[in-house]
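Student: I'd like to ask some things about the structure below.
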Amino acid sequence: MILKGRNALVIGGAVGIGRAVCTAFAEAGANVAFADLGKPDDKASLLAELRAKSVDAVALDVDVTDEISVAETVRRTLERFGHIDILVNNAGITSSGAPIHRQDWDVWSAIFDVNLKGVAYGMKHVIPHMLERGYGRIINTSSQLAHKPVGNHGAYCASKAAVTALTASVAQEVASAGITVNCVCPGMTNTAMLWVGGAEFVNAKLAALPIGRAGEPDEVASAYVYLASDLAGFFVGQSISPNGGDVMW
Ligand code: NAI
2 MILKGRNALV IGGAVGIGRA VCTAFAEAGA NVAFADLGKP DDKASLLAEL RAKSVDAVAL
62 DVDVTDEISV AETVRRTLER FGHIDILVNN AGITSSGAPI HRQDWDVWSA IFDVNLKGVA
122 YGMKHVIPHM LERGYGRIIN TSSQLAHKPV GNHGAYCASK AAVTALTASV AQEVASAGIT
182 VNCVCPGMTN TAMLWVGGAE FVNAKLAALP IGRAGEPDEV ASAYVYLASD LAGFFVGQSI
242 SPNGGDVMW
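Quick note: the sequence shown uses this note's numbering, first residue 2, plus one each step.
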């Protein structure tokens, strides 16, 4: 129960890695507000799962590309819990991919709006509150593709490299005020997003992994629990990489 009594807001939390993070946080004793775009059935089932773990939980609607929507999500979380100890910016999208000379700029913009601006909005609206309290744990979801980009996915790789850089930049702004900002860079993880790139590409990548398989969302979520805990107080601006050995450093 290393998060006992903590209040967490997980943005992009209804399915996949975000959902596993919500579950792991609740199992570690945290109250969990989770926000996502649509997905009413997933939200209802997750809410029931979290409340069954004897923590407070609330499901919210958010579109991370809309700053007002993100601000409202933060306001409603504060209204419910009184304060926020932990923020996870996890919403993300990808595309089927294309080489840069065939890039569709609407797809490019959509990826950057969700993956990068969404993370920035989340931090912008929670940090003033964390500064007032002198405590906070912020964890952004980047990707191993920030460190080891692949071809045909320039927008996604660049957006995640930007999340890693943004994390390190903001971490320096707030570390002395008791707030840590770090990111998790998952490798290939068994969620709906994994297969967007196509089965042939994914299976070839999985076969080349040292561990020889995709990660499960709960194997990735444990990194968030650690970074959210007081055990990680000296981690500032770091990238943690649960990735089955694809990128080693
Ligand atoms: P997923 O597709 O299952 O989950 C993505 C979540 O983001 C969904 O809940 C979705 O509704 C939410 N979302 C998308 N657009 C949104 C918006 N405008 N506003 C609010 N929420 C929005 O995928 P997965 O795999 O769970 O992804 C979670 C994070 O992990 C993403 O940031 C992704 O880029 C990242 N990631 C995933 C990897 C994988 O292999 N699955 C590897 C590395 C990073």
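Virtual Cβ for every residue (Gly too), placed ideally from N, Cα, C.
Does Ser70 come out as helix, strand or coil in the three-state DSSP assignment?
Tutor: In this structure, Ser70 counts as helix in the three-state DSSP scheme.
Student: Can you tell me whether Lys44 is buried or exposed? The criterion is at least 16 other CB atoms within 10 Å of its CB, across all chains shown.
Tutor: Under this definition Lys44 is a buried residue.
Student: Taking Cβ to Cβ, would you say Leu228 is nearer than 7 angstroms to Ile128?
Tutor: Result no, Cβ atoms of Leu228 and Ile128 do not sit closer than 7 angstroms.
Student: Please confirm whether any heavy atom of the ligand NAI lies closer than 6 angstroms to the CB of Ser144.
Tutor: True, at least one ligand heavy atom lies under 6 angstroms from that Cβ.
Student: Pair every Cβ in the region 81-99 with every Cβ in the region 23-42, then say whether three or more of these pairs are closer than 8 angstroms.
Tutor: Flag = yes, the region 81-99 and the region 23-42 touch.
Student: Quick one: grab the DSSP three-state call for Leu4.
Tutor: It is coil, neither helix nor strand.
Student: In three-state DSSP terms, what is Arg138?
Tutor: In the structure shown, Arg138 sits in a strand (DSSP, three-state: E or B).
Student: Considering only the alpha carbon of each residue, which of Val16, Ala29 and Ile12 lies closest to Val226?
Tutor: It is Ala29.
Student: So who's on the other strand from Gln87, going by DSSP bridges?
Tutor: Strictly speaking, residue 87 in this sequence is Ile, with Gln absent from that position. In the DSSP output, where bridge partners are listed per residue, Ile87 has Ala9 and Arg138.
Student: Exposed or buried, Phe26, counting other C-beta atoms within 10 Å across all chains shown (16 or more means buried)?
Tutor: Phe26 comes out buried.
Student: Closer than 6 angstroms to a non-hydrogen atom of the ligand NAI - does that hold for the CB of Asp64?
Tutor: Yes, the beta carbon of Asp64 sits closer than 6 angstroms to at least one heavy atom of the ligand NAI.
Student: Let's see if you can read the secondary structure: which residues bound the alpha helix (DSSP H) around Asp37?
Tutor: Careful: Asp37 lies outside any alpha helix (DSSP H), inside the beta strand (DSSP E) at Asn32 to Asp37.
Student: Less than 6 angstroms between the CB of Asp107 and some heavy atom of the ligand NAI, yes or no?
Tutor: No.
Student: Between Phe235, Phe236, Met249 and Asp231, which lies nearest to Leu4 when the distance is taken from Cα to Cα?
Tutor: Nearest C-alpha to Leu4: Asp231.
Student: Run through DSSP, which three-state label would Gly155 get?
Tutor: Three-state result, Gly155: helix.
Student: According to DSSP, is Val185 helix, strand or coil?
Tutor: Val185 falls in the strand class under three-state DSSP.
Student: Quick one, are the C-beta atoms of Thr142 and Gly17 less than 7 angstroms apart?
Tutor: No, Cβ-Cβ distance for Thr142 and Gly17 is not below 7 angstroms.
Student: Three Cβ pairs or more, each shorter than 8 angstroms: is that satisfied between the region 153-170 and the region 92-104?
Tutor: Touching, yes, given that three or more Cβ pairs across the two stretches are closer than 8 angstroms.
Student: Does the separation of the CB atoms of Tyr122 and Glu174 fall below 7 angstroms?
Tutor: Contact: no.
Student: Are there any heavy atoms of the ligand NAI lying less than 6 angstroms away from the beta-carbon of Met124, as far as the coordinates show?
Tutor: Outside the cutoff, so no.
Student: If I measure Cβ to Cβ from Arg52 and keep anything under 7 angstroms in the same chain, skipping five residues before and after, which residues do I get?
Tutor: Excluding sequence neighbours, Arg52 sits near Ala58.
Student: What residue does the beta strand (DSSP E) around Leu1 start on, and which one ends it?
Tutor: Absent from the model: residue 1. The displayed extent of the chain is 2 to 250, so no value can be given.
Student: For Ile1, which of helix, strand or coil comes out of DSSP?
Tutor: Absent from the structure is residue 1, since the part of the chain shown begins at 2 and ends at 250.
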